[in-house]
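Numbering (our numbering), first residue to last: 936 to 1171.
All C-beta atoms in this analysis are idealised placements derived from N, C-alpha and C, irrespective of residue type, glycine included.
Bear in mind that the values here come from a model prediction, so they are computed numbers and not experimental data.
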Ligand code: URA
């Protein structure tokens, strides 16, 4: 396995960042500073250290989708003592969430112990689409949709443009589909705040080709091999 992939899978950083760490001479393989970016290692035999810490790959990789309910924080331990998504997940191995959903957002969240996989989903260069269903009170005007699609300005900064589609309305509430491929903090909420609309419910239903489907709130389900390969391509 390539050294940068090994480091990334252990959760050190993205492969590109790991190349930088190798170039900085911070990686030791079998007692010698790794001096080549293309170096391959035998993950079962070789001893790899970063900044003095010995690394080993998890015995088994775990990939789960979770339907996060509202009222759960995406953190291992919440400083305000709130419930966290890890209260919902039974696992013997240490997992981490890939990206975040706000405390009051629900829907699809991926949880894993594979750092390389997490980086593939998160890295802006892969521009993985995320789709949300936004529920607002009342109806939406064409002019508001046009502003959202063009990219609203928040505190002088233009938010990236989004694909926004009308889904349904019963007159009282309206549902919209919003697709973004950048993950700025609170991006969807800030977009709607900028046009003066309050989001009643925000739910993520898709990350790339991975869909929430009919997963019940608070439940997890392993990703299929196909879903994992969709992100990992031929590299795993
Ligand atoms: N955008 C938001 O505003 N909140 C989320 O939780 C996700 C995307």
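What is the DSSP secondary structure of residue i, reduced to helix, strand or coil?
i            : result
residue 1076 : coil
residue 1135 : strand
residue 1165 : helix
residue 1086 : coil
residue 1115 : strand
Going by Cα to Cα distance, which pick from the options is closest to residue i?
i            : options                : result
residue 1130 : 1151, 1093, 1116, 1153 : 1093
residue 1004 : 1156, 1152, 1026, 1031 : 1152
residue 1189 : 966, 1117, 1111        : Because the chain spans 936 through 1171 in this model, residue 1189 falls outside it and cannot be assessed.
residue 1064 : 1043, 1155, 1075       : 1043
residue 1166 : 1154, 1085, 1062, 1074 : 1062
residue 991  : 1110, 946, 1142, 1019  : 946
residue 972  : 1150, 951, 1149        : 951
residue 1076 : 1066, 1028, 1059, 1099 : 1099
Kindly indicate the opening and closing residues of the beta strand (DSSP E) around residue i.
i            : result
residue 1029 : First-last for residue 1029: undefined, no H or E at that position.
residue 1012 : It is not in any beta strand (DSSP E) - residue 1012 carries neither H nor E in the DSSP assignment.
residue 1100 : 1098-1104
Taking the straight line between their C-alpha atoms, what separation do you get for residue i and residue j?
i            : j            : result
residue 1124 : residue 988  : 40 Å
residue 1140 : residue 1162 : 15 Å
residue 1155 : residue 1132 : 32 Å
residue 1070 : residue 967  : 57 Å
residue 982  : residue 964  : 6 Å
residue 1168 : residue 1055 : 10 Å
residue 1078 : residue 999  : 39 Å
Taking the alpha helix (DSSP H) that residue i belongs to, which residues open and close that run?
i            : result
residue 1050 : 1050-1057
Secondary structure, alpha helix (DSSP H): runs of 4+ residues fully inside the region 950-999: With a minimum length of 4 residues, the continuous alpha helix (DSSP H) runs that stay inside the region 950-999 are 950-958.
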